[in-house]
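Residue numbers (the working numbering): -1 to 218.
Here is the structure:
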C-alpha cells in the first residue's frame, strides 16, 4: 500500500516508521522538503530521514498525489491549511485518516478544544474536502501507543468513525496490522466528536500517571 503521512513531527514520523516496517511505501509530506532534510539536529526530521532512507519526503501535494491512503498527522489547528496545500484533487476518492485533535493552546495549559459538542475537527475536514473519505481514529492515545499498542500490559480499545464503510475497513486493517486487536466502529463521522472530547480527560490521566503510555479499554 502507498501511504502519505502529512506532518514531519513526532506523530507523523512514528506512524511512517511503523508503516515502513510493515513493508508499505511511505512518503512524508511537508511544506519544504529541502528545508526539512536540512534540519539535522538531534530529534529533527532531517536526522530522522537520514536514518530512515526507505521513507520518502515530498511536498504535501506530491505526497498526497502519490498515495492510496493519506494520513493527516499535523497539528489539529493547521489541519485545513495542510490539507489545502495537499490539494483537494489529490485527496478525492482516497481514504483520509485523521489522527489529530482540535487543541487550542492560546490560553495556556491545559489546552481547550477549538471545536466540540455539535461539530468535530474530522467533520470540518470532511466538509472542506467532500471528495475525501475521512476516517477518524487513533487520536485517543499518544503516537507510541498508536503504532505499537503491544507495549501496554493489556489489550485496549481504538475507535473508528467515518461515513464510508469501505474506508473504515481499510483503516481497520491498518490498525490491526499495528497490533490493535479491539477496534470499535462508533458509526458515522459525527461520532468523532466523542473521541475528540476525550482529550481533556487524557491530559488529566497523563498528569496523574506522569507518563503518556496509556490507553482506555471498553469493557463490554
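Backbone N, C-alpha and C fix where the C-beta goes; we use that ideal spot for every residue, glycine too.
**OP:** Would you mind stating whether residue 152 and residue 213 have Cβ atoms separated by less than 7 Å?
**Re:** no
Original post:
So, do the segment 4 to 14 and the segment 52 to 69 have three or more beta carbon pairs nearer to each other than 8 Å?
Top reply: yes
Subject >> Helix, strand or coil at residue 98 according to DSSP, with G and I counted as helix >> reply: coil
**OP:** Just tell me which of 35, 99, 205 has its CA closest to the CA of residue 196.
**Re:** The shortest Cα separation from residue 196 among 35, 99, 205 belongs to 99.
Original post:
Who are the near neighbours of residue 181 in its chain, counting only those whose CB is closer than 7 Å to its CB and skipping five residues on each side?
Top reply: 156, 158, 170, 173, 174
Subject >> Euclidean distance between Cα positions of residue 84 and residue 118 >> reply: Each residue's Cα considered, the two are about 21 Å apart.
Original post:
Going by Cα to Cα distance, which pick from 116, 216, 129 is closest to residue 138?
Top reply: 216
**OP:** Within the segment 22 to 76, note down every full beta strand (DSSP E) run reaching 3 residues or more, in order along the chain.
**Re:** 23 to 28, 54 to 57, 67 to 70
Subject >> Complete runs of the alpha helix (DSSP H) confined to the segment 72 to 148 [at least 4 residues] >> reply: 77 to 84, 86 to 89, 119 to 126, 141 to 145
Original post:
For residue 134, which of 90, 191, 62 has the nearest alpha-carbon?
Top reply: 191
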